[in-house]
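So in full-length UniProt numbering, the last spot in the sequence shown is 464, and the numbers never skip.
Written below as C-alpha cells is the structure these notes are about.
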Amino acid sequence: MASRALTSIALSAVTLLSGCSAFRNYDSELAQTNQQLAAGNVDAALTMLEKNNSGPDKDLLYYFEKGELLRAKGDLSGSQNAWTSADQVVGKWEDSVKLDTDKYLAQFGSFLVNDKVRRYEGYDYEKVMLTTQMALNLLAVNDFDGARMSIKKTHEREAVIADLRDKEYLKSENEAEKEGIKTQYKDLQGYPVASLDAPDVVSLKNSYQSAFSHYLAGYVYEALGEKDLAAPGYRKAAELRPNTPLLEQALVNLDKPAKTDDSDILIVVQSGLAPSRDSIRIPLPLPISNQLVITPLSFPIIKPDTSTPAFAQIGVDGQQLNLTQLNSTTAMSRRALRDDMPGIILRTTVRAVTKGVAQKKINETNPLAGLAVGISSAVLEGADTRTWRTLPDNTQVVRLRLKKGEHQVTLPSAVGGSVVKITVDQRYQVISLRAVGNQVFASGLAAHVITSANPTAVASFKQP
C-alpha cells in the first residue's frame with residue numbers, strides 16, 4: 001500500500017509540473033505566430049496570440065508581442081496601448097530595483113529557483129527597445145513631443161540597468177568564489193562558444209545600449225530645435241557603432257544651416273525577427289556527497305531567425321540608396337547571454353548539487369520518493385527559453401532630403417519587391433517600414449503599401 005501511494009505521489013508530481021503554465025513551450029507558440037506574420041496574416045497571428053494567452057493575467061511577453069503585431073497591422077493606437085501596459089510592468093521592475101537593489105539581487109539570485117519558473121521581467125535590450133519602438137509609433141504620426149518623452153524614459157532606463165548590472169556581476173563573482181565554482185562558459189565542453197565570442201557580439205559595449213536608439217534621440221532633439229541635446233545622442237551612437245559615416249556626418253551637419261527648404265527624412269527599415277532561445281544539455285562532473293557525479297545540466301543558446309533575407313539597399317523615386325545598419329537584436333541577445341552566463345552557470349550548478357545531495361539522502365530511506373524528486377527535477381531543469389520573438393532583428397536607416405509631396409520607396413525583390421507610397425509634408429519626418437519573410441508593412445499616416453507580395457499585408461492606419 002505504501003509503495004503504491006508513493007508511486008501515485010511521484011506520478012502526481014510529474015502531472016502537476018508538466019501541466020503548469022510556467023512550462024509552456026513558448027518558443028513553439030511564437031514560431032507559429034510568426035509564421036502567420038511572415039505570411040502577411042496579421043489577424044491570424046493575433047488570434048493565435050490570444051488563444052495562447054487566454055487567462056485573465058497577462059504577462060510582459062504578451063504585451064510585448066501584441067504591441068508589435070498591432071504595429072504591423074497598422075493599429076498604432078492598439079499597439080501603443082499594449083506597449084503602455086508592458087511599460088508599466090517594466091516600471092514596477094525599475095521601482096523594485098531602485099527601492100532596494102540588494103534585496104532585489106538577493107531574490108533574483110536565489111539558487112533554489114530555476115530561471116524558467118521566475119516571473120519574466122524582460123531582458124535589458126527588450127526593456128530599452130520597448131520605449132524605442134514606442135517612440136517610432138509616435139513619430140509615425142509626427143508626434144515628436146511624445147517621442148521625446150519615450151526617449152527620455154529610454155535614457156533613464158539605461159541608467160537603472162547599468163547600475164544594477166554592475167552590482168549583479170560583482171555579486172555573482174563573489175558567490176562563485178565562495179562556492180568554488182568555475183563560471184566561464186568557455187569551460188562548457190560542447191557549448192557553442194563561438195556564437196558568444198563573435199566579433200559583432202564582443203564589440204558591443206553592453207547588451208542594452210543601441211546605436212539606433214541614441215541616433216533616433218539625436219534626430220528627435222534636432223527636429224525639436226534642441227541641438228544641445230541632439231549632439232550627445234549622435235555622439236553616443238557613434239561611440240556605440242564607430243566608423244559609421246552616417247553617425248559621424250550627423251554631428252558635422254548639426255550646426256550647418258539647411259541649404260534648401262526640402263524636408264529632412266529618416267527612413268527606418270526594420271527586418272526579420274528576434275532570435276529564439278533553446279536549451280542544450282551538457283554533462284558536467286559535480287561534487288555530490290564527496291563524489292564526482294556526471295550530471296547533465298541545461299544551458300540556454302541563441303538560435304538566429306532565418307525568416308527574412310538580408311538586404312542593404314532600398315529605392316527612393318527610382319534611385320538606389322544604401323542602408324546603414326544601427327541595431328542587431330541577435331547580437332544584443334547574444335551579448336546579454338554572454339554577460340549572464342556566469343550567473344546562469346553558478347545558479348544551475350549550485351541548484352544541481354543541492355538537489356543531488358537531497359535526492360541521495362531520500363533514496364537511502366525511500367527510493368520511490370527519491371524517484372519523484374528526480375522526475376520533478378528533470379521537468380524543472382530546462383533552460384529558460386522565453387524571449388520577445390516578434391521584436392525586429394535588424395534596424396537599418398537612410399537619411400535624405402526630399403521635396404514635399406508624394407514619393408515611392410521600393411523594397412528589394414528578396415522581400416517581395418513591395419512599393420510604398422510616402423507623403424512628405426513635415427520639416428522633419430520619420431518613415432517606418434517593417435519586412436518579415438517576403439512581406440512589407442508600413443506604419444503611420446505618411447506611408448502606404450501599394451504593391452505587396454500579399455495584399456493582406458497592406459495595413460490600415462489608426463493614429464494613437
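By construction, the Cβ of each residue, glycine as well, lies at the ideal position given by its N, Cα and C atoms.
- Minimum Cα-Cα distance from Thr410 among the listed residues Gly318, Val350, Ala352, Glu29 corresponds to Gly318.
- Between Lys116 and Asp384, the C-beta gap is smaller than 8 Å, which places the two residues in contact.
- The beta carbons of Asn327 and Thr395 sit closer together than 8 Å.
- For Gln133, no beta strand (DSSP E) run applies; the uninterrupted alpha helix (DSSP H) run containing it begins and ends at 124 to 139, by DSSP.
- Per the DSSP secondary-structure output, His407 pairs in a beta bridge with Ile422.
- The three-state secondary structure of Gln396, taken from DSSP, is strand.
- Leu69 is positioned such that its CB atom lies closer than 8 Å to that of Leu46.
- Contact check for Leu37 against Thr390 passes: the beta carbons are separated by less than 8 Å.
- In this structure, Thr131 is the residue among Thr131, Arg24, Ser28, Tyr219 with its C-alpha nearest to the C-alpha of Tyr63.
- According to the DSSP secondary-structure assignment, Lys303 is paired through a beta bridge with Ser276.
- Around the CB of Asp75, 16 or more other CB atoms lie within 10 Å, so the residue is classed as buried.
- Residue burial annotation: Ile431 is buried, with at least 16 other C-beta atoms found within 10 angstroms of its C-beta.
- Under the DSSP assignment, Thr385 falls outside any beta strand (DSSP E); it carries neither an H nor an E label.
- Taking the C-beta atoms as reference points, Gly272 is found nearer than 8 Å to Thr308.
- For Ser213, the enclosing alpha helix (DSSP H) starts and ends at 211 to 223.
- Counting only residues of its own chain and dropping the five nearest sequence neighbours on each side, Ile294 has a CB closer than 7 Å to the CB of Pro283, Pro285.
- Cβ atoms of Tyr125 and Ser207 come within 8 Å of each other, at about 5 Å.
- Bridge pairing for Asp264: Arg401, Tyr428 [DSSP].
- About 16 Å separates the beta carbons of Arg281 and Ile302, which is beyond the 8 Å limit, so they are not a contact pair.
- For Phe64, no beta strand (DSSP E) run applies; the uninterrupted alpha helix (DSSP H) run containing it begins and ends at 60 to 73, by DSSP.
- Excluding the 5 residues flanking it on each side, Val201 has same chain C-beta neighbours closer than 7 Å at Ala331, Arg334, Arg335, Arg338, in chain order.
- Of the other Cβ atoms in all chains shown, 16 or more fall within 10 Å of the Cβ of Glu168; this residue is therefore buried.
- For Thr451, the secondary structure class from DSSP, reduced to helix, strand or coil, is strand.
- Straight-line measurement puts the Cα of Asn290 at about 46 Å from the Cα of Arg157.
- Annotated as distal: Gly67 and Val90, with beta-carbon spacing of 8 Å or more.
- Judged by DSSP in its simplified three-state form, Pro192 adopts coil rather than helix or strand.
- Going by beta carbons, Tyr215 and Ala250 fall inside the 8 Å limit.
- Around the Cβ of Ile314, a 10 Å sphere holds 16 or more other Cβ atoms; the residue is buried.
- In this structure Ala176 touches Thr183 by the C-beta definition: roughly 5 Å separates them, less than 8 Å.
- Buried is the label assigned to Val97, since at least 16 other Cβ atoms lie within 10 Å of its Cβ.
- In this structure Glu65 is buried. Its beta-carbon is surrounded by 16 or more other beta-carbon atoms within 10 angstroms.
- Annotation for Ala447: Val420, Ile422, Ile431 place their beta carbon closer than 6 Å to its own, counting only its chain and skipping 5 residues before and after.
- Secondary structure at Asn81: helix, using DSSP grouped into helix, strand and coil.
- Residue Ala140 holds the alpha-carbon nearest to the alpha-carbon of Ser79 among Leu30, Ala140, Met48, Gly40.
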